[in-house]
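So in my numbering the end of the sequence shown lands on 886, straight run, no missing numbers.
Every residue, glycine too, gets a C-beta built ideally from N, C-alpha and C.
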Amino acid sequence: MMRVNYMNTELPGLPPAGSKPIKLIIFDKDGVILDLAATWFPVVYAVAEYTISIIPDHTTAVQATPAVGLDDLLAHIGVDAAGNIDHHGLFAAGTFTDICQAWQTLLPDNMIDLLTDTSYNARVNELVIELVRGRSVAKGDVKTPLTMLSNAGYILALLTNDNAVSALQNLKDLEIDHLFATIIGADSGFGGKPAPHGLLHICDSHGVMPDQTIMVGDTIADYGVAINARVQNFICVADDISYRPDRAIDPDLVIPSLGALPSLIENLPR
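Pasting the structure below:
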């Protein structure tokens, strides 16, 4: 299974907590607001099936690439046919570009370029619309805690490795889009996480410093962007403390869902 080291090891870690009042809370989407498996596994499974279906019947004589199957594509991005997810894998933490690039390495030389082929990308977009629009599944009750935080005066923003239009649709499906001041996707011109540029753009847009900002996420890419942007703190959403993406994450800052977030933020050091 392909794993990616998202961390910038030159940076020593997060700044001292509580140095300034928190003004801005930036959220990842999948696995934090949305149930990742319930919302996106049907899509990635269908896209993988479609990808396998268009592999050319014949490869070149010099081609030595073994036959590739559905299970191979899924395993290469950290998920299996039953929907079990490796939270360090590309399905959980990467972008669609990352996934296409990973799959391309398994495919024969005479396969289309997944990133640039217009018909392939059009079909993928059709599958996303067909399988996700109106079917976004929340990770528990997210509307109540997000509304509480918004009403308390915190600026809420979304930073996702999904594309921005798809992310907005997910939030609309859950009727929480009005709570978010900014939505930045991997296609918004700032690169994907863990690069800090999208997060820093959100801070700049609202006149907030990174050390007045909390990042809430579930993957190593989310923790990486928090480290690289030097935010005040990182809060991890995980079903179990052992699932946190890095052992450096304080276990006291791991929550099972956003339902626990308002009280945790209220009790952070000031």
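Pick from the options that is closest to residue i, judged by C-alpha positions
i: residue 698; options: 670, 721, 653; result: 653
i: residue 662; options: 695, 740, 700; result: 740
i: residue 742; options: 835, 666, 840; result: 666
i: residue 672; options: 728, 701, 696; result: 728
Exposed unless 16 or more other CB atoms sit within 10 angstroms - verdict on residue i
i: residue 778; result: buried
i: residue 757; result: exposed
i: residue 860; result: buried
i: residue 882; result: exposed
i: residue 617; result: Annotation note: pLDDT 40 at residue 617 (below 50); position unreliable, coordinate value reported separately. Classification for residue 617: exposed.
i: residue 871; result: buried
i: residue 748; result: buried
i: residue 802; result: buried
i: residue 677; result: In this predicted model, residue 677 has a pLDDT of only 46, less than 50, meaning its place in the structure is not dependable; the value taken from the coordinates is given anyway. The residue is exposed, with fewer than 16 neighbouring Cβ atoms inside 10 Å.
Beta-carbon proximity of residue i to residue j, cut-off 8 Å
i: residue 815; j: residue 668; result: no
i: residue 820; j: residue 848; result: no
i: residue 639; j: residue 853; result: no
i: residue 850; j: residue 831; result: yes
i: residue 800; j: residue 818; result: yes
Run of the alpha helix (DSSP H) containing residue i, from where it starts to where it stops
i: residue 657; result: 652-669
i: residue 738; result: 734-748
i: residue 841; result: 836-845
Residue range of the beta strand (DSSP E) that includes residue i
i: residue 831; result: 829-833
i: residue 773; result: 771-775
i: residue 798; result: 798-800
i: residue 640; result: 640-643
i: residue 806; result: No beta strand (DSSP E) holds residue 806; DSSP gives it neither H nor E.
i: residue 851; result: 849-853
Measuring CB atoms only, is the stretch 757-771 touching the stretch 698-713, in the sense that at least three cross pairs come out at less than 8 Å? no
Below 8 Å, can you find three or more Cβ-Cβ pairs linking the stretch 781-794 to the stretch 835-850? no
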